[in-house]
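Visitor:
Protein chains: 2
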Amino acid sequence: MTVIFSKKCEYGLQAVLYLAAQISREVIPAEVIANKLSIPKEFVSKILQSLTENGIVISQKGKSGGFAIAKDPKKIKLIDIVAAIDGLSMFNNCVMGFPNCNPENPCPLHDKWGELRSKAYSMLTDENLDNFREKTLRKISNL
Amino acid sequence: MTVIFSKKCEYGLQAVLYLAAQISREVIPAEVIANKLSIPKEFVSKILQSLTENGIVISQKGKSGGFAIAKDPKKIKLIDIVAAIDGLSMFNNCVMGFPNCNPENPCPLHDKWGELRSKAYSMLTDENLDNFREKTLRKISNL
DNA sequence: TATAAATCAGACCAAAACATCCGGTATATG
DNA sequence: CATATACCGGATGTTTTGGTCTGATTTATA
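Residue numbers (my numbering), protein chains in the order written: chain D, 1 to 143; chain G, 1001 to 1143.
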C-alpha cells in the first residue's frame, strides 16, 4: 500500500526537489538523478518527461541533455507536482470510501479527516520549493 | 490512487461499522451487507472471512448464516480493522518515499507529516466502534 | 431427511500500478 | 560532419490490487 501518494508521485516529488535544490540551472541527465535517488532510471525519466508538459521541469535533448527545474523554485509548490501526477481527488474523497461524504451526509470520520486533510493540503501549499532547499540537500547527501 | 486505505480496507471498515451498529447480534448474510453498502458481494464476503481470523467478526455457516460483530463494539477500534487488512506500515513510512526517514535523517516534510500521521493514528484509536454507532446509522440510512 | 441458503477455499480473471525496452530524433562536442 | 549521448513516444512486460466464479461443506428449517 502507498502512504498517500503513488510511487510515481513520490519519485516525482523527490526528483523535482532534487532539481530545485541545485545551485546551477544546468540540465542533469535522468540517469544521474536516478542513481542519486536510487530509483529506476527509465521510470524517473518518464515521470520527468510528463512534468515538462506541466511547465515544472524543462528538458534538453541530445548529448549532454537532461532535466532542470523550469522556473524559479520560489514559484513552485509541492502541490503542483502532486496535482500533475496523482491529481487532487484525495482531497475530495471520503477516507472510508463512502459515497456522497459531505457535511450534510457525513461519514463517521468526516470532520476529523477533513481537518487532517486540509492540514495535509497546507503542508503542500504553504511553502515553495526554495524553502525546502536546505532540507533537501541534507537529506540527499545522506542517501 | 487511494486516499490512505486500500479499497479492501475501506470496504472492511464500512462493513464492520455496519455490523457494529446493529442492535441485535444476529448474523447478517454477506449479500445483505453488500447491497446495503453497494459493494461487491463476493468481495465483502472475502474481506469479512479474513476478519474472522482476527476475532473482529464471527461467521455462521449454512442456511440463515452470515456475519456479526465478534465482541462488544466498545472493545473494537478502527485501527484494529486497518491493522488486520492494510497493516500499519503507513504509520512508519516516509510520505515522499525517501528511505531511512527519521529524526536523524528527515525528509523535508518529516516533521509536518509526522504530526499529521500521529493525528490520523489518534483518529483511529481514540474512539471505539460503539462511539460511532449513531453516525454510522445516520450515514447508512442515507445510502 | 431433503432442501435451500449460506460460508469457505482456492482458482481464476481484469484492471491499475509499477517498471522496462526499443527505435527514433535531437544535439553537443570532437 | 560523425559520433556519442540524451530525451521522447509507444509498446511491452511484471506485480499488485480489485473482483468473480466454482465447488465443497455446513446447517436451519420445512
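No residue lacks a Cβ here, since even glycine has one placed at the ideal position from N, Cα and C.
Please read these numbers as outputs of a predicted model, since none were measured by experiment.
Under 8 Å Cβ-Cβ, which residues of chain G neighbour Pro93/D?
Guide: The question names Pro, but residue 93/D is Asn in the sequence shown. Under the 8 Å cutoff, chain G gives Val1003.
Visitor: Spell out whether any CB of chain G is found under 9 Å from the CB atom of Gln14/D.
Guide: Yes, because at least one Cβ of chain G sits closer than 9 Å to the Cβ of Gln14/D.
Visitor: Tell me the DSSP bridge mates of Ala68/D?
Guide: Looking at the DSSP assignment, Ala68/D forms a beta bridge with Ile58/D.
Visitor: Just checking: is the beta-carbon of Ala120/D within a distance shorter than 9 Å of some beta-carbon in chain G?
Guide: Yes, its Cβ sits closer than 9 Å to a Cβ of chain G.
Visitor: Note down, in chain order, every chain D residue with its Cβ under 8 Å from the Cβ of Lys1135/G.
Guide: Here the neighbours are Pro106, Cys107, Pro108.
Visitor: What did DSSP end up calling Lys1077/G once you bin it into helix, strand or coil?
Guide: Of the three classes helix, strand and coil, the one that applies to Lys1077/G here is strand, per DSSP.
Visitor: Any beta carbon of chain G sitting closer than 9 Å to that of Pro73/D?
Guide: Chain G, which has no Cβ nearer than 9 Å to the Cβ of Pro73/D, makes this no.
Visitor: Quickly, what does DSSP pair Ile1004/G with across the bridge? List them, please.
Guide: According to DSSP, which records beta bridges pairwise, Ile1004/G is partnered with nothing at all.
Visitor: If we ignore side chains and look at the alpha-carbon of each, how far apart do Ala1084/G and Glu115/D end up?
Guide: Straight-line Cα distance between these residues: approximately 25 Å.
Visitor: Between the alpha carbons of Phe1091/G and Pro29/D, how many angstroms are there, rounded?
Guide: Roughly 34 Å separates the two Cα atoms.
Visitor: For the region 14 to 44 of chain D, list every residue whose C-beta sits within 8 Å of some C-beta in chain G, in sequence order.
Guide: Those would be Gln14, Leu17, Ser38, in chain order.
Visitor: Give a yes or no on whether the minimum CB-CB distance between Gly1097/G and chain D is below 9 Å.
Guide: Yes, its Cβ sits closer than 9 Å to a Cβ of chain D.
Visitor: Going straight from the alpha carbon of Asp111/D to that of Lys1041/G, what length do you get?
Guide: Near 29 Å, if we compare the C-alpha coordinates of Lys1041/G and Asp111/D.
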